[in-house]
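So in UniProt numbering, the last one in the sequence shown is 232, and the numbering has no gaps at all.
What follows is a single structure, written as structure tokens, with notes after it.
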Amino acid sequence: MTNEANPLLEYFENNPGRLMSKWLHYFDIYHRHFQRFRGRPITVVEIGVYHGGSLQMWRKYFGEQARIIGVDVNPRLSEISEPGIEIIIGDQGDRRFLRELASKTGKIDILIDDGGHMMHQQIATVEELYGSVADDGLILVEDTHTSYWREYGGGLRAQYSFMQFAKHLVDELNAWHSRDPNSLAPGVFTQTANSMHFYDSVVVIEKYKRSRPHERQTGTPSFPLETPVNEG
Numbered sequence: 001m002t003n004e005a006n007p008l009l010e011y012f013e014n015n016p017g018r019l020m021s022k023w024l025h026y027f028d029i030y031h032r033h034f035q036r037f038r039g040r041p042i043t044v045v046e047i048g049v050y051h052g053g054s055l056q057m058w059r060k061y062f063g064e065q066a067r068i069i070g071v072d073v074n075p076r077l078s079e080i081s082e083p084g085i086e087i088i089i090g091d092q093g094d095r096r097f098l099r100e101l102a103s104k105t106g107k108i109d110i111l112i113d114d115g116g117h118m119m120h121q122q123i124a125t126v127e128e129l130y131g132s133v134a135d136d137g138l139i140l141v142e143d144t145h146t147s148y149w150r151e152y153g154g155g156l157r158a159q160y161s162f163m164q165f166a167k168h169l170v171d172e173l174n175a176w177h178s179r180d181p182n183s184l185a186p187g188v189f190t191q192t193a194n195s196m197h198f199y200d201s202v203v204v205i206e207k208y209k210r211s212r213p214h215e216r217q218t219g220t221p222s223f224p225l226e227t228p229v230n231e232g
């Protein structure tokens with residue numbers, strides 16, 4: 001990032017509102033991916049509310065047109081709703097609840113998973129809510145270091161860790177180039193995900209509808225071209 005002041009970090013360091021807890025290197029990641037949404041009438045869903053401080057931060061950052069929704073399993077948090085901030089109580093590990101959540105929120109522009117950090121929770125959240133994220137929206141999964149913690153269902157290269165799940169999504173992102181459609185064929189993710197970004201403890205999936213990539217050549221050859229090799 002540039003030396004430009006990060007408004008999210010500034011808010012955090014001078015927090016006038018409710019309690020929140022964040023790894024400091026997350027703020028550059030947030031601002032890098034979220035700044036294009038500022039001042040727009042968007043829907044932000046954050047799973048994992050803690051004491052509600054980050055919901056207030058998102059409200060301040062994105063502006064009054066933003067709809068901020070916090071999701072948490074703790075029923076006490078229903079008390080902290082305020083104008084512009086909604087609270088929905090439920091368990092992100094319950095796929096039925098996630099499907100019901102999607103019907104309540106409508107299209108989601110930004111989905112932040114800062115919930116229980118268990119492998120089944122993170123995977124279920126992406127699988128069940130991916131289709132509810134807007135075509136130009138994104139998913140940000142935090143604290144993915146739990147993929148390396150056995151008590152969270154992870155472990156280095158553990159088969160069912162979120163990081164292994166995300167690595168499989170990288171294959172799907174590149175599936176247009178597969179030469180073995182029986183093992184890797186373009187699917188919904190291939191056609192709707194534009195990019196994936198891996199950071200320390202954070203994975204970001206940015207959506208954008210796309211068709212099969214095409215290669216072109218322009219300009220004048222500097223020397224006689226060899227017979228092209230068919231790479232298709």
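C-beta atoms are modelled at their ideal positions from N, C-alpha and C, and glycine is treated no differently.
Can Thr125 and Ile47 be called in contact, C-beta distance under 8 Å?
-> yes
Close-in-space but distant-in-sequence residues of the same chain around Val133 (CB under 7 Å, 5 per side omitted) = Ile108, Leu111, Ile139, Lys207
Any alpha helix (DSSP H) of 4 or more consecutive residues that is wholly inside the region 136–196 | 162–173, 188–192
Separation of Pro213 from Asp114, as counted between CA atoms = 33 Å
Please report the residue range of the alpha helix (DSSP H) in which Thr105 lies.
-> 95–105
Residue from Leu225, Pro83, Gly116, Pro75 whose Cα sits closest to the Cα of Glu64 = Pro83
Starting from the Cα of Glu128, find the closest Cα among Arg179, Met118, Asp136, Gly93 and give me that residue.
-> Gly93
Beta carbon of Ser81 nearer than 8 Å to that of Ile89 | no
Is Ala134 helix, strand or coil by DSSP?
-> strand
Environment of Tyr26 [buried if 16+ CB atoms lie within 10 Å] | buried
What are the start and end residues of the alpha helix (DSSP H) that includes Val126?
-> 119–129
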